[in-house]
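Quick notes on the structure that follows.
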Amino acid sequence: RGVLTPAEFKVAAHVATGLKQREIAAKLFLSPHTVDAHLRHIYAKLSIDNRAALATWYANQISVT
57 RGVLTPAEFK VAAHVATGLK QREIAAKLFL SPHTVDAHLR HIYAKLSIDN RAALATWYAN
117 QISVT
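For what it's worth, this note's numbering labels the leading residue of the sequence shown as 57, then goes sequentially.
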């Protein structure tokens, strides 16, 4: 959890629920471009390359806390 910024963690949470980038942007009052930037940073930090891997990572983080 500490690897991601709070904003990135919020984006990860919404990805894990299956929302698309535009939906996440609307919920978090961000531009779709900003959500895309957060996702690129998340993928790089976690060494993953897809939404399914991010959802799995997020589920593991939630189950640990």
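Note that the Cβ used here is the ideal one computed from N, Cα and C, for glycine as well. Please read these numbers as outputs of a predicted model, since none were measured by experiment.
Item	Value
The alpha helix (DSSP H) enclosing Thr90, as first and last residue numbers	88-102
Ala82 classed as buried or exposed, judged by whether at least 16 other C-beta atoms fall within 10 angstroms	exposed
Classification of Ala109 by the beta-carbon crowding that lies within 10 angstroms, buried from 16 upward	exposed
Straight-line Cα distance separating Gln117 from Thr140	With the chain running from 57 to 121 in the structure shown, residue 140 is simply not present.
Exposure of Ala189, with buried meaning 16 or more beta-carbon neighbours within 10 Å	Nothing about residue 189 can be read from this structure; the chain reaches only from 57 to 121.
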